[in-house]
Ligand SMILES: Cc1ncc(COP(=O)(O)O)c(C=O)c1O
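Numbering (the working numbering), first residue to last: 10 to 209.
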């Protein structure tokens, strides 16, 4: 059945795994740090909240359904998500990024990434040819934000995804400003989509 976006926001697309058997209509907020194991060597999938927690799992399931992805991870802030994503890169790797990214992301790339031997070239990604020209032998990631914060610049995700595929790069899209309600980057060829959930 094709569910309305409002329904997906509340329930996700499929039946949730039966974690809470109280019949609670709104998914409960679990505050426990640790979870009991049913028996020695057996786990319900919840051991320690930093690793996974039923509330976070529910958020991940619903956001993944909204973005139509294969899986999702939730973090305490958008910058934590950006940091983890950039951590998949190795010293010597290169990023091509939008020149008008959210300031925190630019600072992360210009300070921490640079210190760790990862170079970033910032280009106006509203012109696809700039992205192509900036690709180097060691480019591993194209990181775009569309629309950007603050200048609301737009990039063509579909066209940039073709460049990413041709050059064996991961295409990351920060979808904070449109959300999957208006734009689904994974459907347009992006590999990873991320959000700061305190915005729209
Ligand atoms: C487009 C965009 N991405 C990422 C972030 C970072 O998210 P957070 O503030 O949740 O760490 C922000 C924050 O303003 C943002 O506007």
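Note that the Cβ used here is the ideal one computed from N, Cα and C, for glycine as well. Since the model is a prediction, treat every value here as computed from it, not as a measurement.
Contact between the stretch 106-116 and the stretch 158-173 is established, with three or more Cβ pairs separated by less than 8 Å. DSSP places residue 154 in the uninterrupted beta strand (DSSP E) bounded by 148-154. It is roughly 19 Å from the alpha-carbon of residue 132 to the alpha-carbon of residue 101. In the same chain as residue 81, and ignoring 5 residues on each side of it, the C-beta atoms closer than 6 Å to its own belong to 69, 72 and 73, in chain order.
In the assembly as shown, residue 36 is a buried residue. Its beta-carbon has 16 or more other beta-carbons within 10 Å.
A distance of 8 Å or more separates the beta carbons of residue 180 and residue 87.
Just so you know, the alpha carbons of residue 54 and residue 38 end up roughly 17 Å apart. Around the C-beta of residue 47, fewer than 16 other C-beta atoms lie within 10 Å, and the residue is accordingly described as exposed. Residue 69 has its Cβ no nearer than 7 Å to any heavy atom of ligand 1. Beyond the five residues adjoining it in sequence on each side, residue 154 comes within less than 7 Å, by CB distance, of 107, 110, 111 and 183 in the same chain, given in chain order. When the Cα atoms are used, residue 129 and residue 119 turn out to be separated by approximately 7 Å. In the assembly as shown, residue 205 is a buried residue. Its beta-carbon has 16 or more other beta-carbons within 10 Å. Per DSSP, the continuous beta strand (DSSP E) segment holding residue 129 begins and ends at 128-132. Contact check for residue 83 against residue 65 passes: the beta carbons are separated by less than 8 Å. DSSP places residue 89 within a helical segment (H, G or I) once states are collapsed to three.
Looking at the DSSP output, residue 106 sits in a beta bridge with 131 and 152. When the five nearest sequence neighbours on each side are left out, the beta carbons in the same chain lying within less than 7 Å of the beta carbon of residue 140 are those of 105, 132, 134, 151, 169 and 172, in order along the chain.
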